[in-house]
Amino acid sequence: MTTPVSPDPGATRDDANSLTLYCLAHAGGSAIPYTRWNRFLPAGVRVEPLELPGHGARLREPLLEQVEPIVADLLRTVGPRRGAPFALFGHSFGAVLAFELTRRLVRLGTPPAALLVAGRNGPTQPLAHRPIHNLDDEAFVAALIRFGGMPQALLEQPELLRIYLPVLRVDLRLAETHPRPPGPPFDVPVTAFGGRRDVLADPEGLLTWERETTGEFELALLPGGHFFLDEPAFHSLLLSRLARLTPRATGNDPLSRGTTPAARR
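So that you can map any letter, position 193 of the sequence shown is 193 in the numbering used here, and since no number is skipped, the others follow by simple counting.
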């Protein structure tokens with residue numbers, strides 16, 4: 001079962017009407033760093049990062065090598081939240097999973113209050129880069145370095161790199177080859193975040209997320225590259241979006257009823 005990593009104890013939100021923000025990491029990533037967000041998010045929001053099998057705290061579990069069983073695993077945690085407000089956030093490969101999870105939840109009649117995606121072109125768009133998942137290890141690592149997704153500390157520890165590369169390669173294969181199954185757009189607000197210097201997602205591709213929703217859409221661009229989640233500018237944009245989302249999640253925002261603007265920044 002997908003394991004939500006407990007947020008910082010000192011930052012736990014106990015309000016029954018609080019919004020739970022489920023967060024999914026990039027390819028090869030762990031959900032654990034998302035726990036830091038509880039230090040700056042408003043009192044009406046609490047983060048529950050979702051750890052996938054074979055990643056982070058679940059490293060000893062077998063990897064799931066198809067998107068469908070991953071989504072089924074996620075549903076065991078997110079699906080039971082009937083009546084409780086929640087939203088989904090996914091970065092890069094996590095955006096693919098968050099999108100597919102949203103589609104499944106909509107079909108089940110328990111949609112999230114919003115879908116927030118970052119660093120990933122819309123599902124109907126081709127990749128903004130040439131696929132790298134099938135490269136040999138040397139070329140694979142070189143490509144990851146160019147993308148900014150390979151920590152120097154990992155490069156200096158070959159034994160850890162040997163453990164990490166297979167996980168990353170499986171995730172990237174899914175991220176680079178998963179097709180968008182046919183289906184209509186959903187009535188869930190979508191916000192797409194992107195870096196203006198990101199080589200893995202471009203503004204035009206990010207804008208196509210608007211096709212996936214009949215609800216509100218917003219595109220928020222930052223001056224960075226692919227890994228901008230720790231940047232203060234992103235935190236400010238996220239706070240702004242969540243401040244508007246929280247009353248919607250609790251049903252107190254009249255603008256959430258019958259209004260579908262497409263806002264771009």
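C-beta: ideal position from N, C-alpha, C; glycine also.
This one's a predicted model, so the numbers in the text were calculated from it and none came from an experiment.
Distance from the CA atom of I145 to the CA atom of S30, rounded to whole angstroms, is 18 Å. Cβ-Cβ separation between G119 and H226: approximately 5 Å, consistent with a contact (criterion under 8 Å). For E51, the enclosing beta strand (DSSP E) covers residues V45 to E51.
Between V71 and G90, the CB-CB gap reaches or exceeds 8 Å. For the options F228, A113, A57 and E51, the alpha carbon positioned closest to that of R196 is the one of F228. About 7 Å separates the Cβ atoms of V78 and L105, confirming a contact at the 8 Å cut-off. Nearest to Y34 by C-alpha distance, out of A201, L238, H178 and D137, is L238.
Between Y22 and L88, the CB-CB gap stays under 8 Å. Relative to the Cα of G148, the nearest Cα in the group H26, S18, E65 and P182 belongs to H26. Taking C-beta atoms as the reference points, G28 and T246 fail to come closer than 8 Å. By DSSP's assignment, Y22 forms a beta bridge with E48 and L88. Nearest C-alpha to G122 among T213, S18, T20 and P223: T213. Counted as a single uninterrupted DSSP element, the beta strand (DSSP E) harbouring A118 occupies residues L115 to A118. For F140, the enclosing alpha helix (DSSP H) stretches over residues D137 to F147. The three-state reading of DSSP puts T124 in coil, since its state is none of H, G, I, E or B. Three or more beta-carbon pairs separated by less than 8 Å are not found between the segment 129-138 and the segment 182-190, which leaves the two stretches without contact. In the DSSP assignment, F99 falls within the alpha helix (DSSP H) that extends over F93 to L108. CA-to-CA, the gap between A175 and T110 works out to about 25 Å.
Out of E210, A201, P181 and E204, the CA that lies nearest to the CA of R103 is found in P181.
By the Cβ-count criterion, L155 is exposed, with fewer than 16 other Cβ atoms from all chains shown falling within 10 Å of its own Cβ.
Bounds of any alpha helix (DSSP H) do not take in G83, whose DSSP letter is neither H nor E.
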